[in-house]
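In the UniProt record's numbering, the protein residues as written are 1 to 433. Accompanying notes for the structure given below.
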Ligand code: PMP
């Protein structure tokens, strides 16, 4: 008798009361097909689905779980905080500690405001940049995703790249007025000439440039040095605010974020994911001169009932403590590189055009022989091969991001045994492709 698939039963049930059966689109497996796995529990590098099948997790909640699932130290901190109630709507000392910690490891951040999601962080940072400069125009880059605020849903990455027709310079989502996105200029990632040209023409009207300093929402794409320094120089020269969206890269590629690796000092930085250790927690911060324009000091309004939530703060503080320990990033980055080298060798053995890249605990692999450097290049990779590989790996018990346009994530719990198991699964899968 065939086994009853509990994931299928849950998915059918979910679709009756939740649109598409999921609370965030990419979870629905639309690009790769098949049934989403409903998670029942997780520990370290693993999670279990509703059939009680174990998977090695390579998304780690899309980044936050860098110290491994159900880390005992984080659980203890959260339990302790939860005992004193979940939320007060009044300030706590923990928030100060978290703010101090962030400012200490990320020197460009002189002051920081906590929010509950990456979307809120980028949306608020943009409003602040517009309020500070008194200008309307913003620049974003093709394939970068900065959450789902209206102004930022133009040629956006992540689920938008998976689902929407992103070939038009129009909103990538229904419900976003053309009138609003006319203030958003979209340029190709890594294109120095394009950004120089725009600043030459309209530099004095540009409030902000927002970028993923290592893009992770169109698979993983690294910026060139020239691109980064052009952006920093042009924004400084024209009085525009440079916003580093480090929601994904912050505390993931290095303790000090991508900015510490690149030697760039942005004006504002957006954080999320790792900083909440898996709890709804994010932040934006930067120069005091800009941050002091926020209410209650200044005229730019921003607020949140659950902002700086004490349980989330406890999870974040403990996670930041763990990642600050000696050798954390050497270990994380080393394991991730080992994994990538193993995947590449396995693909080579099977004669499959394939390339890999990584930074810290974040990685990309591409069904194309050249590492892509732009949105255009990444959309030319072999998505059909990816889909087959995704399902073969799933059968082998390895859970990859269910889209060819997302980065992957490791944790400190991805030890040699786990890395070797993934590589062995990939060898089997490439052979069958
Ligand atoms: N910015 C970046 C770079 C992201 O990767 C994401 C989410 N993947 C966001 C912003 C939005 O964060 P959230 O999903 O927490 O709203």
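Every residue gets a Cβ at the ideal spot worked out from N, C-alpha and C, and that includes glycine.
Residue 212 Cβ short of 7 angstroms to the ligand PMP heavy atom set: Residue 212 sits at position 212 when you count from the first residue of the chain shown. It does: the Cβ of residue 212 is within 7 angstroms (strictly closer) of some heavy atom of the ligand PMP.
Residue 431 to residue 34 span [Cα, whole Å]: Translated into positions along the chain shown, residue 431 becomes position 431. Translated into positions along the chain shown, residue 34 becomes position 34. Between residue 431 and residue 34, the alpha-carbon positions lie close to 21 angstroms from each other.
Other residues of its chain near residue 218: CB distance less than 7 angstroms, five sequence neighbours each side excluded: For the purposes of this step, residue 218 is taken as the residue at position 218 of the chain shown. Hits under 7 angstroms: 143, 157, 161, 375, 378 and 405.
Backbone CA spacing between residue 428 and residue 346 [nearest angstrom]: Residue numbering aside, residue 428 sits at position 428 when the chain shown is read from its first letter. Residue numbering aside, residue 346 sits at position 346 when the chain shown is read from its first letter. Cα-Cα distance, rounded: 9 angstroms.
Through-space distance from residue 13 to residue 252, alpha-carbon basis: What you label residue 252 is simply residue 252 of the chain shown in a count that begins at 1. What you label residue 13 is simply residue 13 of the chain shown in a count that begins at 1. One alpha carbon belongs to residue 252, the other to residue 13, and they sit about 35 angstroms apart.
Buried/exposed call for residue 175, threshold 16 Cβ in 10 Å: In the chain shown, counting from the first residue as 1, residue 175 sits at position 175. Counting other Cβ atoms within 10 Å of its Cβ, residue 175 stays below 16 and is therefore classed as exposed.
Beta-carbon proximity list for residue 198, same chain, < 7 angstroms, skipping 5 on both sides: Position 198 of the chain shown, counted from the first residue, corresponds to residue 198. The answer, listed in chain order, is 139, 185 and 187.
Distance between residue 110 and residue 435 (C-alpha atoms, nearest Å): For residue 435 there is no data in the structure shown, the boundaries of the chain being 1 and 433.
Ordered list of alpha helix (DSSP H) runs contained in the region 152-201, each at least 4 residues: Runs found: 159-163 and 178-181.
Bridge partners - residue 111, DSSP secondary structure assignment: The sequence position of residue 111 within the chain shown is 111, counting from 1. Residue pairing for residue 111: DSSP places it in a beta bridge opposite 286.
Secondary structure of residue 212, DSSP reduced to three states: In the chain shown, the residue the question calls residue 212 occupies position 212. Coil at residue 212, not helix or strand.
Separation of residue 271 from residue 181, as counted between CA atoms: In the chain shown, the residue the question calls residue 181 occupies position 181. In the chain shown, the residue the question calls residue 271 occupies position 271. In this structure, the alpha-carbon of residue 181 lies about 24 angstroms from that of residue 271.
Contact check, residue 256 vs residue 268, beta carbons under 8 angstroms: Translated into positions along the chain shown, residue 256 becomes position 256. Translated into positions along the chain shown, residue 268 becomes position 268. Residue 256 places its beta carbon 8 angstroms or farther from that of residue 268.
Residue 108 at chain B interface by Cβ criterion, 8 angstroms: Included in the structure is just one protein chain, with no chain B present.
Residue 64 beta carbon less than 8 angstroms from that of residue 313: Here residue 313 corresponds to residue number 313 of the chain shown, with the count starting at 1. Here residue 64 corresponds to residue number 64 of the chain shown, with the count starting at 1. Contact: no.
Proximity below 8 angstroms, CB of residue 220 to CB of residue 364: As a first step, residue 220 must be located in the chain shown, where it is residue number 220. As a first step, residue 364 must be located in the chain shown, where it is residue number 364. For the 8 angstroms CB-CB criterion, residue 220 and residue 364 form a contact.
CA-to-CA distance, residue 315 to residue 279, given in whole angstroms: In the chain shown, the residue the question calls residue 279 occupies position 279. In the chain shown, the residue the question calls residue 315 occupies position 315. Cα to Cα, the separation comes out at about 7 angstroms.
Nearest to residue 409 (by Cα), restricted to the options 114, 36, 393 and 335: Taking the chain shown and counting its residues from 1, the one referred to as residue 409 is at position 409. The residue with the shortest Cα to Cα distance from residue 409 is 335.
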